Each structure stands twice: as C-alpha cells, then as structure tokens.
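Residue numbers (the numbering used here): 1287 to 1437.
Note that the Cβ used here is the ideal one computed from N, Cα and C, for glycine as well.
Predicted, not measured: the structure shown is a model, and the values here were computed from it.
Before any comments, here is the structure.
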Amino acid sequence: MQLDAWMTSRERRRLIREADSLVEAWSSRRLAAPFAGWFPAEETGGAPPNWKQSMAVLLMPFPMVMLELHFLVPLTRGLDAALATFLGNAISVGLLAWPVMPATNRALDWWLRPAPSRVSWITLLGAALLLGFYGLEILAFSGLFQPSDDG
C-alpha cells in the first residue's frame, strides 16, 4: 500500500523529472512474489503461493547454517566478527542462489505447481512432507554441537 502511494506520488514524479538528464532510460517492474527470482511465474499458472515458497526456502538455509556453525566458525574464529559473519553469509547466499534453490525448485515442482486436478491432496502431502523434513533436519543436527565424551 505504501509502495503504491510512493509510486504514484507527486514527490516521486518530481524527483524523476530532476534526474531525467542524468539517466538514459527508466525501467521498473514489480515482483509478483517475495522469492520471484527462485520461483519465477510460469505462463500457464503463475508463481507458487507465497506460503509454499517460504516453506521451500526455510528448508534449505537451516542445514547450511548448521554446517557453517560446525565447520566454518572454527576457521574464522580469529577474524573480526563482522568479517566472519559476512563470509558465512556470502557462502550461504551464494550456495542458495546457485545451486541449492534451483535444485530445490526442480525437486519440489510437483508440489509447488501441482496439476489443477490434484491441487488439494498434493498441497497437503507436500506440506506434510516438508514439515517432516524440518523435523528430520532438527534431529540430524541436534547432536552436532553436543560436547564430546573425550574432552
């Protein structure tokens, strides 16, 4: 709502006119979904619902962050905290952008964009499956940071 107000505001038009001499061409577009880069709209059915996109995205960063905490943090311990955090984020974002989310999108396409005749049961099945995957991730990583008995 606020974006719509800004896009049509007198102040924005004034600023664009002022900048016209500095800019060769203007172009803008509105993304249809929060993760439009990972879940592009298809000509036949559009983008998956936002809640499905969010569930798919939530599935992937958790294991990456847990592995970074276990393996990368000890390697960056001597660095400034801001630099170490930036490096971890850069690795996570790079992996998410390519190859993790494209592969996830392909693997979950049956659920993200089900055939119209199967939407109801596929939606429930996929949501239950992802909830199960969340639980498996938590179980798999819950022992990762436990103190060892040798120390």
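By Cβ distance below 6 Å, which residues in the same chain neighbour residue i in space, the five residues on each side in sequence not counted?
| i | result |
| --- | --- |
| M1341 | L1416 |
| L1358 | G1374 |
| M1387 | W1324 |
Restricting to Cα atoms, I'd like to know which of the options is closest to residue i.
| i | options | result |
| --- | --- | --- |
| I1424 | W1407, D1290, P1388, M1346 | M1346 |
| L1355 | E1310, I1377, D1395 | I1377 |
| L1398 | L1289, F1321, R1303 | F1321 |
| L1430 | M1352, V1309, W1292, V1386 | M1352 |
State the CB to CB distance for the pair residue i and residue j, rounded to an integer number of angstroms; the pair is presumed to be in contact (CB under 8 Å).
| i | j | result |
| --- | --- | --- |
| P1402 | T1409 | Not quite, the Cβ-Cβ distance comes to about 12 Å (not below 8 Å), so this is no contact. |
| L1381 | M1350 | 6 Å |
| F1325 | N1391 | 6 Å |
| R1298 | W1292 | 6 Å |
| L1394 | G1412 | 7 Å |
Output needed for residue i: all residues of its chain with C-beta closer than 7 Å, excluding positions within five of it in sequence on either side, in chain order.
| i | result |
| --- | --- |
| A1370 | T1362 |
Worksheet item: Where in the segment 1367-1414 do unbroken runs of the beta strand (DSSP E), each at least 3 residues long, occur, reported from the N-terminal end onward?
Response: none
Worksheet item: Can you list, in chain order, the stretches of the beta strand (DSSP E) that have 3 or more residues and sit fully within the segment 1320-1362?
Response: none
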